[in-house]
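J.:
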Amino acid sequence: MGGSGPLAELGDASALELGRLIRERQISSIEVLEQHLALIAERNPELNAIVTLCDDIAWTSARRSDERAAAGATQSPLDGVPITVKDVVATAGVRTTMGSLLFEDHVPDWTATAVTRLLHAGAVLLGKTNCPEFGLDPHTDNRLFGPTLNPLNPALTPGGSSGGESSAVASGCSALGIGTDYGGSVRWPAHCTGIAALRPTLGLVPATGLLPSNAALGPAAPSSVSLLGRVQTLGPMARSVADLWAALGVMAGPDGIDGQAVPVPLGDPAFVDAAQLACAWCDGEGSVEPAPDVRSAVADAASQLSHAGLARVDSARPHGLEEAESIYTRYRHADGLFLHQRLAAGREDGLTDTMREWFERVHSTSVEAYQSVAGERDALRASVLGFMEEYPILLLPVATEPPYEAGDADFDRRFRVLAPCRAVSLLGLPSVAVPIGRSPDGRPIAVQVVAQPFCDHEAIAVALLLQGDGRG
69 MGGSGPLAEL
79 GDASALELGR
89 LIRERQISSI
99 EVLEQHLALI
109 AERNPELNAI
119 VTLCDDIAWT
129 SARRSDERAA
139 AGATQSPLDG
149 VPITVKDVVA
159 TAGVRTTMGS
169 LLFEDHVPDW
179 TATAVTRLLH
189 AGAVLLGKTN
199 CPEFGLDPHT
209 DNRLFGPTLN
219 PLNPALTPGG
229 SSGGESSAVA
239 SGCSALGIGT
249 DYGGSVRWPA
259 HCTGIAALRP
269 TLGLVPATGL
279 LPSNAALGPA
289 APSSVSLLGR
299 VQTLGPMARS
309 VADLWAALGV
319 MAGPDGIDGQ
329 AVPVPLGDPA
339 FVDAAQLACA
349 WCDGEGSVEP
359 APDVRSAVAD
369 AASQLSHAGL
379 ARVDSARPHG
389 LEEAESIYTR
399 YRHADGLFLH
409 QRLAAGREDG
419 LTDTMREWFE
429 RVHSTSVEAY
439 QSVAGERDAL
449 RASVLGFMEE
459 YPILLLPVAT
469 EPPYEAGDAD
479 FDRRFRVLAP
489 CRAVSLLGLP
499 SVAVPIGRSP
509 DGRPIAVQVV
519 AQPFCDHEAI
529 AVALLLQGDG
539 RG
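Per the working numbering, residue 69 is the first one in the sequence shown, and the count goes up by one each step.
#1: Out of Ala376, Gly148, Glu135 and Gly214, state which residue places its alpha-carbon closest to the alpha-carbon of Pro172.
#2: Distance, Cα to Cα, Leu146 vs Leu86?
#3: Let me know the secondary structure DSSP gives Asp249 once reduced to three states.
#4: Quick check: the Cα distance between Ile90 and Ala338, rounded to an integer number of angstroms?
#5: In this structure, how does DSSP classify Met456 when only helix, strand and coil are distinguished?
#6: Measuring alpha carbon to alpha carbon, tell me which of Leu411, Ala314, Leu204 and Gly352 ends up nearest Val149.
#7: Note down, in chain order, each residue of its chain lying with its Cβ closer than 6 angstroms to the Cβ of Asp524, except the 5 sequence neighbours on either side.
#8: Identify, in the order they occur along the chain, each residue of the same chain with its Cβ nearer than 6 angstroms to the Cβ of Ser291, setting aside the five sequence neighbours on each side.
#9: Buried or exposed for Gly232, going by 16 or more other Cβ atoms inside 10 Å?
#10: Starting from Cys489, trace the alpha helix (DSSP H) in both directions and tell me its first and last residue.
#11: Measure the C-alpha to C-alpha separation of Thr197 and Ala384 and round it to an integer number of angstroms.
#12: Exposed or buried, which one is Arg429 when buried takes at least 16 other CB atoms within 10 Å?
#13: To the nearest angstrom, report how far apart Gln372 and Arg506 are at their CA atoms.
#14: Helix, strand or coil: which one does DSSP assign to Val541?
#15: Going straight from the alpha carbon of Ile151 to that of Ala437, what length do you get?
#16: For Arg481, I'd like the list of residues in its chain whose CB is within less than 6 angstroms of its CB, leaving aside the five on either flank, ordered along the chain.
#17: Please work out which residues of its chain come closer than 6 angstroms, Cβ to Cβ, to Phe522, disregarding the five sequence neighbours upstream and downstream, and give them in chain order.
#18: What residue range is occupied by the uninterrupted alpha helix (DSSP H) comprising Ile95?
#19: Which two residues bound the contiguous alpha helix (DSSP H) that contains Ala501?
#20: With DSSP as the reference, label Arg111 as helix, strand or coil.
#21: I'd like the span of the beta strand (DSSP E) that includes Val340, first residue to last.
#22: Nearest CA to the CA of Leu486: which residue from Asp249, Leu194 and Ala182?
#23: Let me confirm a value: Glu416 is counted as buried when at least 16 other C-beta atoms fall within 10 Å, else exposed. Which label applies?
#24: Applying the criterion that 16 or more other CB atoms from any shown protein chain within 10 Å of the CB defines a buried residue, is Ser434 buried or exposed?
#25: Express the C-alpha separation of Leu105 and Val254 in angstroms, rounding to a whole number.
#26: Rounded to a whole number of angstroms, what is the C-alpha to C-alpha distance between Gln328 and Ala467?
#27: Contact check, Trp548 vs Leu405 under 8 angstroms by CB: the rounded distance?
#28: For Glu92, which residues of its own chain have a beta-carbon under 8 angstroms away from its beta-carbon, when the five flanking residues on both sides are left out?
#29: CB Cys241 to CB Asn112, shorter than 8 angstroms?
#30: On the three-state DSSP scale, how would you describe Asp382?
#31: Would you give the residue range spanned by the alpha helix (DSSP H) that Ala370 belongs to?
#32: Drop a sphere of 10 angstroms on the beta-carbon of Gly70, count the other beta-carbons inside from all chains shown, and report buried for 16 or more, exposed for fewer.
#33: DSSP state of Ser72, grouped into three classes?
#34: Kindly indicate the opening and closing residues of the alpha helix (DSSP H) around Ile125.
#35: Is DSSP giving Arg211 helix, strand or coil here?
#36: As a quick exercise: from His188, Gly140 and Phe483, pick the residue whose alpha carbon is nearest that of Tyr396.
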């Protein structure tokens, strides 16, 4: 960015670093915002990561942050920090399209709980980021806004469905992104762009505000029956693992609407004794063969953890994990896409090819069949949780290969590479995606650090060991 001093490298600074500089009045929130808007003006026209800019709201928030700093008021670690939010998450007064032509002018009159909490903590909303239609594709492109590019290499996918977030954060246009994760939608984009991401334990962060909901476009508790409602969660994306934890601390906790959100106190990564943790690592979930460079990256990460002092780091895979991909696929197809089909009813011509293919592939089924596959999931989860009594940390790849070319149109392949992510999603476990290296041709590779339910702090603590100084 040129120049020197605290303003020189704001596009590389972590969210917590920015917050500290603002609290210490080394820089102002207004100055931070100006620099980020300048970066957006420079980089976003090519990247197409941020699709709706709300700079008027951002200026007001930044001024209020500076007023709090000037008054000596207590400020949160994220006060004055610019953030972006995926375009399937409701934001009052700010266009929220779900990446669909069918909702190009939709402006909610309410805001998702997790985003409201970040704004109350002083975060500055810059805008909304691009996603595939209804967030249902591992590559970010749609008929409304077009494709988002990967800032590391425009020939590669930035991932999906939180690909706009990964591109915005990796390029420095945003300090912190809020995405959603169903089958890997924060972890896979992080893998593709060399940043970090957290899929929290299901129930830590209220899903109130994710679209579509039981009330279609209105405020409602997420479905407690559908696979979408039982698997999808909001999660932060950042250049620093420590930033993920700061964001989770603000977003977590029941809101009185989402009945699946639970009042579980968060642990503290700073007090995790790595010497008491055993880790099992594997180069995949067992059903899809990983690429050699992915296998090598996971082995390198396991070696790092061994040298970092974990109690044990053993090569082992939970029994039956190789069945997760089949269960997930059959569960998703049996579940159907009722919420999405209701939104698109009578307007299917406006959908992307991917959405039309989804509608052709999935089908609602009998209660008996649905319960049968749900039972398989529950049995596998019990088995894996038993395994994690001995190995409370699992280490495996985010994806079976580095990011593929953006033009790859093979529907099945796009989802098949996410088998390691989908296994973790199916089991409802917390997972931190950490950049770990590059393939021989320079493509980024990340690993997942997975912990037991509601032990997100342990996953973060181990991820910090892999990230070294806490930066990606």
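We treat Cβ as the ideally placed atom computed from N, Cα and C, and that holds for glycine.
T.: Walking through what the data contain:
#1: Going by the sequence as given, residue 172 is Glu instead of Pro. Distances from the CA of Glu172 to each of Ala376, Gly148, Glu135 and Gly214 were compared; the closest alpha carbon is that of Gly214.
#2: The straight-line gap from Cα to Cα measures roughly 8 angstroms.
#3: The three-state reading of DSSP puts Asp249 in strand, counting E and B together.
#4: Straight-line Cα distance between these residues: approximately 24 angstroms.
#5: In the structure shown, Met456 sits in a helix (DSSP, three-state: H, G or I).
#6: The candidate whose alpha carbon is nearest that of Val149 is Ala314.
#7: Excluding residues within five positions, the ones whose Cβ falls inside 6 angstroms are Pro268, Thr269 and Pro498.
#8: Once the five neighbours on either side are set aside, the close Cβ partners of Ser291 are Asn282 and Gly297.
#9: By the 16-neighbour rule on beta-carbons within 10 angstroms, Gly232 is buried.
#10: Taken as a continuous stretch (DSSP letters only), the alpha helix (DSSP H) holding Cys489 covers Ala487 to Leu495.
#11: Rounded to whole angstroms, Thr197 and Ala384 show a C-alpha spacing of 38 angstroms.
#12: Around the beta-carbon of Arg429, fewer than 16 other beta-carbon atoms lie within 10 Å, marking it exposed.
#13: Arg506 has its alpha-carbon roughly 16 angstroms from the corresponding atom of Gln372.
#14: Residue 541 lies beyond the stretch modelled for the chain, which goes from 69 to 540, so this question has no answer here.
#15: Approximately 42 angstroms, taken between the alpha carbons.
#16: Taking Arg481 as the centre and dropping the five residues before and after it, the same chain places no C-beta closer than 6 angstroms to its C-beta.
#17: The answer, listed in chain order, is Thr269 and Val332.
#18: Per DSSP, Ile95 lies in no alpha helix (DSSP H) and is assigned neither H nor E.
#19: Unbroken run through Ala501 is the beta strand (DSSP E), Ser499 to Arg506; no alpha helix (DSSP H).
#20: Residue state for Arg111 is assigned as helix, using DSSP reduced to three classes.
#21: Looking at the DSSP string, Val340 is not in any beta strand (DSSP E), and its letter there is neither H nor E.
#22: Check the Cα spacing between Leu486 and each of Asp249, Leu194 and Ala182: the tightest is with Asp249.
#23: Per the 10 Å Cβ criterion, exposed.
#24: Only exposed fits Ser434, as fewer than 16 other CB atoms lie within 10 angstroms of its CB.
#25: Looking at the two C-alpha atoms, the distance is approximately 24 angstroms.
#26: Cα-Cα distance, rounded: 28 angstroms.
#27: A query on residue 548 cannot be resolved here, the shown segment of the chain reaching from 69 to 540 and no further.
#28: Answer for Glu92: no residue qualifies.
#29: Against a cut-off of 8 angstroms, the Cβ pair of Asn112 and Cys241 comes out as a contact.
#30: In the structure shown, the three-state DSSP call for Asp382 is strand.
#31: Pro360 to His375 is the extent of the alpha helix (DSSP H) around Ala370.
#32: At Gly70, the pLDDT of 36 sits below 50, so the modelled position is not reliable and the matter cannot be decided from this model.
#33: Here the model assigns Ser72 a pLDDT of 46, short of 50, so the residue's position is not dependable, and the following value carries that caveat. Reduced to three states, the DSSP call for Ser72 is coil.
#34: Boundaries of the alpha helix (DSSP H) around Ile125: Asp123 to Ala138.
#35: Of the three classes helix, strand and coil, the one that applies to Arg211 here is coil, per DSSP.
#36: Among His188, Gly140 and Phe483, the Cα nearest to that of Tyr396 belongs to Phe483.
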